[in-house]
Amino acid sequence: MIKRKAAIDCCLLMSFLATTTFAQLTGRVLSKENQRVIPYATIYLRNNAIGAHANENGEFVLDAKGITNDTVYIQSIGYTTLRIALQDAVGTNSFYLSESPITLQATNVRKRKQINSLWKGATEDHKGFIFGQMGGSMLREVALYMPNDEKKEGFLNAAGFYVVRFGKHKTPFRVRVYEPDGDMPGKDLLTENVVIHASGSNRYCTVDLRKFNIPFGENGVFISMEWLNLNDKKYYYDVKYRNSKAVNTFYGQQIGLSNEFEELQGRVRINQGDWKTMTMRYASPMFKVKIDFYED
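Number 16 in this note's numbering belongs to position 12 of the sequence shown; there are no gaps in the numbering.
What follows is the structure in structure tokens.
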């Protein structure tokens with residue numbers, strides 16, 4: 005009788021865990037080695053495809069309302085990804101990531117002579133088409149392919165991202181640089197978080213990349229912008245469309261789009277999923293990159 009009661013209690017417990025829903029996941033992301041905060045870490049649920057980012061203090065809030073079972077992934081550049089069951093993560097205050105430094109091939113540019121610098125990417129004026137981030141628990145990243153048409157060796161000097169007036173243009177975003185893997189972004193070429201924000205709108209927001217010594221090889225690179233979903237109310241805004249009662253909530257900045265490229269060079273991914281080609285009419289983000297070319 006006792007064994008049967010224990011078995012029944014166990015089944016009830018399993019049933020409870022399977023049907024328990026969670027409302028909110030909160031916490032702080034820290035380094036396991038030195039307990040320092042890890043700013044702008046990415047937190048997402050793999051099966052339900054929702055996510056958020058930690059703020060500059062490593063703190064995050066993720067809406068998990070209605071979710072009964074999933075795995076939480078927490079990751080940041082230079083650290084090993086942490087995987088933890090949602091039911092174990094709820095109620096946990098601190099999440100620790102182990103360092104896993106990224107090493108790039110050493111490159112000595114001092115022995116080479118710089119012959120010229122060139123901006124590549126979007127060059128035309130903005131035509132009014134924009135692209136942005138819907139509100140809610142969504143992670144979005146957009147990239148533009150920069151081919152090496154010159155067939156010369158170079159290094160990345162700077163990158164620029166055209167941020168329009170519509171939206172919250174001062175929202176922080178993360179800069180990413182990828183090595184091509186076929187026709188999609190592949191290996192991450194940055195060794196640390198590069199987070200910036202625009203100081204103004206309807207202009208390029210630029211970032212200096214020289215200290216990273218990122219090579220511009222024969223296959224070119226992808227320059228990418230990652231929206232940071234910081235769950236901060238000041239970065240949300242509502243849009244009501246003409247002749248409609250519907251109101252949509254957006255988050256963060258909007259970027260300009262261009263159709264100046266002969267081939268579709270824009271890429272997008274949602275919630276850390278697979279990269280896809282942007283196929284709308286104005287399908288390429290208005291990004292650009294400055295390359296310093298060298299010779300031996």
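Ideal placement from N, C-alpha and C gives every residue a C-beta, glycine not left out. As the structure is a prediction and not an experimental result, all values here were calculated from the model.
- Message: Could you give the first and the last residue of the continuous alpha helix (DSSP H) run that contains Asp92?
- Response: 90 to 93
- With distances taken from CA atoms, which of Ala93, Ala89, Thr72, Asp74 is nearest Val65? It is Ala93.
- CB of Val146 within 7 Å of CB of Val33, strictly: no
- Which class does Lys294 belong to by DSSP, given the choice of helix, strand or coil? Shown here, Lys294 sits in a strand according to DSSP, grouped into three states.
- Item | Cβ neighbours of Asn223 in the same chain (closer than 6 Å, five flanking residues each side left out) | Pro184
- Could you say which of Ile227, Met188, Arg285, Tyr298 lies nearest to Asp278 if we only look at CA atoms? Met188
- CB of Ser262 within 7 Å of CB of Ser288, strictly: yes
- Item | Distance, Glu230 Cα to Val167 Cα | 13 Å
- Query: DSSP beta-bridge partners for Asp185?
  - Reply: Met188
- Do you know offhand how far Arg285's Cα is from Asp212's? Each residue's alpha carbon lies about 31 Å from the other.
- Nearest to Val198 (by Cα), restricted to the options Gly204, Ala163, Ser141: Among Gly204, Ala163, Ser141, the Cα nearest to that of Val198 is on Ala163.
- Query: Can you name the start and end residues of the beta strand (DSSP E) that Gly140 belongs to?
  - Reply: Where Gly140 is concerned, there is no enclosing beta strand (DSSP E), given that its DSSP letter is neither H nor E.
- Query: How long is the line joining the alpha carbons of Asn61 and Gly82, rounded to whole angstroms?
  - Reply: 17 Å
- So which of Lys131, Val181, Ile274 has the shortest CA-CA distance to Phe216? Val181
- Query: When the Cα atoms are used, what is the spatial distance from Met252 to Met142?
  - Reply: For the sequence presented, residue 252 should be read as Asn rather than Met. If you take the alpha carbons of Asn252 and Met142, they lie about 14 Å apart.
- Query: Going by beta carbon distance, what residues of the same chain come within less than 8 Å of Lys301, once the five residues before and after it are set aside?
  - Reply: A query on residue 301 cannot be resolved here, the shown segment of the chain reaching from 5 to 300 and no further.
- Item | Lys131, buried or exposed, once every other Cβ within 10 Å from all chains shown has been counted against 16 | Taking all protein chains shown into account, Lys131 has fewer than 16 neighbouring C-beta atoms within 10 Å of its C-beta and is therefore exposed.
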